[in-house]
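Visitor: In this text, residue positions in the sequence shown follow our numbering: the first is 42, and each later residue adds one.
Where is the CB? At the ideal position from N, CA and C, for every residue including glycine.
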Amino acid sequence: MVDWNQIDSIIMGSQRILLVTHENPDGDGLGSVAAMYHHLKEHNKNCRAIHASRLPYEYEFLNTEGLFESFDSDIHIPWIKKADLAILFDIGNFDRIPILKDDIITNGLQIVNIDHHPHPDDNAFTYNIVDTNVAATGELVYEYLIHVRKAGLTKKICEGLYTAIMTDTGSFANSNTNVRCHEIAIESIRCGVDPTDIYQKVYESGSRSRMKLLGTIIKDLNFDYDGKLAWFTINGDMLLKTGSNSEDVDGFTDFVRKIRGVEVALMIFETEKGSCRVNFRSKGHYIVNEIAKFLSGGGHIFAAGARVKGSLKKVTSLALSRTIQAMKTQDQQTQ
């Protein structure tokens, strides 16, 4: 049971507060940050939401007041040195904020970690607010806000919360969707949130270059293990030819998982020479986070990922063989 009064005492006792989510941010992390930002601004806190990656276009609607700042060492390091507290959202592992991690630790900031991912035992967090049973980090932020706010939730706060819940439940379609998710959605709508507008901004604003890249992937899609596994690779040449960028790949694994007969979708993305990003998505029959852990990654049982050093060819071979073996093992255990 979380002692929200203790957490609120820590937060309200701080004046300069850093808000951070993971690199390649998603709707849950960004929505959680936005909701907390607007809450803290009401209390006149000097807070900044700083992130290491470019803000994805589909989440620009959350960037009211220019609240999301891309890390600039000249501007932000002096500010962080004088900060009292860092609140981390949805990061799972401290290594997912590589640019800011060292500055947070070096400057001795207290750290409140709010998350629904499992985290390493040897972590540097001062306070851990982690519940792997909730659908999204935004659900925990909601619990904090309704516990401590004397006034009701505002539309700006709810836009962040609704975005967090909607995206991490696959628009309320994934198996992690629960009653609380719908209760948060209902309250958000009552506060003025337009669910159609947010859905269209998040899911119906893809660029032409993104669609070209998706077309290339679909054309060369691979199937293994009797069609239960669909996998694809992306390299720099593919981005160049389609005019796309690294943010455009987000959501492709979810798209491929929707194919009839596919139980697991696997993406291997060469982010730079000698390093790849690996993503797993499962419909629910196969657990994939153990595969990600083998690759020094992690995540949820049906949605996980890892960063792996090695060439695209080497990482693809490793990830593919490990995934097929894991699927075979799980099938044998259920026979």
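For the region 150 to 160 against the region 82 to 95, are there 3 or more C-beta pairs whose distance is under 8 Å?
Guide: These segments do not touch.
Visitor: With distances taken from CA atoms, which of G346, S285 and G277 is nearest L255?
Guide: In the sequence shown, residue 255 corresponds to position 214, counting from 1. Nearest option by C-alpha distance: S285.
Visitor: State whether the region 321 to 332 contacts the region 239 to 251, with contact taken as three or more CB pairs (one from each stretch) at a distance under 8 Å.
Guide: No: the two stretches stay apart, fewer than three of their Cβ pairs being nearer than 8 Å.
Visitor: With a cut-off of 8 Å, do at least 3 Cβ pairs link the region 134 to 149 to the region 56 to 65?
Guide: Contact holds: three or more Cβ-Cβ distances are below 8 Å.
Visitor: So T60 packs on R89, CB below 8 Å; how close in whole Å?
Guide: In the sequence shown, residue 60 corresponds to position 19, counting from 1. In the sequence shown, residue 89 corresponds to position 48, counting from 1. Looking at the sequence itself, residue 60 is Leu, so the reference to Thr does not match. Indeed, because the Cβ distance is near 7 Å, the residues count as touching under 8 Å.
Visitor: Under 8 Å, do D289 and D69 count as touching if we go by C-beta distance?
Guide: For the purposes of this step, residue 289 is taken as residue 248 along the sequence shown, with counting starting at 1. For the purposes of this step, residue 69 is taken as residue 28 along the sequence shown, with counting starting at 1. In this structure, D69 does not lie closer than 8 Å to D289 by Cβ.
Visitor: Determine the direct distance from the alpha carbon of V349 to that of A333, and round the result to whole angstroms.
Guide: Residue 333 sits at position 292 when you count from the first residue of the sequence shown. Residue 349 sits at position 308 when you count from the first residue of the sequence shown. The straight-line gap from Cα to Cα measures roughly 10 Å.
Visitor: Output needed for E331: all residues of its chain with C-beta closer than 7 Å, excluding positions within five of it in sequence on either side, in chain order.
Guide: Locating residue 331 in the sequence shown gives position 290, counting from the first residue. Excluding residues within five positions, the ones whose Cβ falls inside 7 Å are A367.
Visitor: In whole angstroms, what is the alpha-carbon distance linking G179 and Y185?
Guide: Here residue 179 is taken as the residue at index 138 of the sequence shown, counted from 1. Here residue 185 is taken as the residue at index 144 of the sequence shown, counted from 1. Cα to Cα, the separation comes out at about 10 Å.
Visitor: Take the Cβ of S212 as the centre, count every other Cβ of all protein chains shown within 10 Å, and call the residue buried at 16 or more, exposed below.
Guide: Locating residue 212 in the sequence shown gives position 171, where the first residue counts as 1. S212 comes out exposed.
Visitor: Based on the DSSP secondary-structure assignment, which residues constitute the bridge partners of L270?
Guide: One-based indexing of the sequence shown puts residue 270 at position 229. According to DSSP, which records beta bridges pairwise, L270 is partnered with D265 and V305.
Visitor: Locate the alpha helix (DSSP H) running through H160, then write down its first and last residues.
Guide: The residue you call residue 160 lines up with position 119 of the sequence shown. Looking at the DSSP string, H160 is not in any alpha helix (DSSP H), and its letter there is neither H nor E.
Visitor: Using only the alpha-carbon positions, how far apart do S250 and F343 sit?
Guide: Residue mapping note: residue 250 aligns to position 209 of the sequence shown, counting from 1. Residue mapping note: residue 343 aligns to position 302 of the sequence shown, counting from 1. Rounded to the nearest angstrom, the two C-alpha atoms are 28 Å apart.
Visitor: According to DSSP, what are the bridge partners of S111?
Guide: Translated into the one-based positions of the sequence shown, residue 111 becomes position 70. DSSP output for S111 lists H92 as bridge partner(s).
Visitor: Exposed or buried, what is V101 when buried is set at 16 or more other beta-carbons lying within 10 Å of its beta-carbon?
Guide: Here residue 101 refers to the residue found at position 60 when the sequence shown is read from its first residue. Correcting the residue identity first, residue 101 is Glu in this sequence and not Val. Exposed: under 16 other Cβ atoms inside 10 Å.
Visitor: Output yes or no for whether 8 Å exceeds the beta carbon distance between T204 and G72.
Guide: One-based indexing of the sequence shown puts residue 204 at position 163. One-based indexing of the sequence shown puts residue 72 at position 31. For T204 and G72, yes; Cβs fall inside 8 Å.
Visitor: Within the same chain, show all residues whose beta-carbon is closer than 6 Å to that of G233, passing over the 5 residues directly before and after it, in chain order.
Guide: Taking the first residue of the sequence shown as 1, we reach residue 233 at position 192. Closer than 6 Å at Cβ, skipping near neighbours: K196.
Visitor: If you reduce the DSSP assignment to three classes, tell me which class L336 lands in.
Guide: To locate residue 336, count along the sequence shown from 1; it is residue 295. DSSP places L336 in coil when its eight states are reduced to three.
Visitor: Using a 10 Å radius around the Cβ and a threshold of 16 neighbouring Cβ atoms, would you call T375 buried or exposed?
Guide: For the purposes of this step, residue 375 is taken as the residue at position 334 of the sequence shown. T375 comes out exposed.
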